[in-house]
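Participant: Just passing along the structure, written as structure tokens.
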């Protein structure tokens, strides 16, 4: 098991909180660490973000969709809470060119930020697998199935989504 933590200022706390010797703690961002890991075994990967969905997270999803083998699971959790009236501008800042052009502020009421986040994740996985599968024979094509998609609020609106490849 590997735990990646970008907050290297709290390394001592992270190392202290590693409950088992089988867990390797790696400092750095997920964008830095994930491309260098060995993905030749089935894996369960949980991208557990505290931040709002952003372009770095999309890059992690792309990296994993391109590399995880069949039988692996990908789970993503992220913050989908934005201040009312600032959702569109905040999402545009976070997502840049990945921001759906058709969205308006009123489209993001209730839990619709989570819905749109899921749509962006789905599109990224589909696009990445399309590229990946173009190089594979028919029997080697990688597909994915959604396992769950739920939201909860523990002070902030959170979205959790998982697939199996």
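Residue numbers (the numbering used here): 632 to 796. Heads up, the beta-carbon is just placed ideally off N, CA and C, and yes, glycines get one too. Values in this document were obtained by computation on a predicted structure and should not be read as measured data.
So, with DSSP's three-state summary, where would you put residue 711?
Facilitator: Residue 711 falls in the coil class under three-state DSSP.
Participant: Which whole-angstrom value describes the C-beta separation of residue 700 and residue 670, a residue pair presumed to lie in contact below a C-beta threshold of 8 Å?
Facilitator: Indeed they touch by this definition, with Cβ atoms about 7 Å apart.
Participant: With distances taken from CA atoms, which of 729, 653, 696, 717 is nearest residue 608?
Facilitator: Because the chain is modelled from 632 through 796, residue 608 falls outside the range shown and cannot be assessed.
Participant: Just the C-alpha distance for residue 739 and residue 746, rounded to the nearest angstrom, thanks.
Facilitator: So the alpha carbons of these two residues sit roughly 9 Å apart.
Participant: Which residues in the same chain as residue 713 place their Cβ atom closer than 8 Å to its Cβ, once the five residues preceding and following it in sequence are excluded?
Facilitator: Result list for residue 713: 683, 721, 722, 739, 744, in chain order.
Participant: By a C-beta neighbour count over all protein chains shown, 10 Å radius and 16 as the cutoff for buried, is residue 653 buried or exposed?
Facilitator: Its Cβ having fewer than 16 others within 10 Å, residue 653 is exposed.
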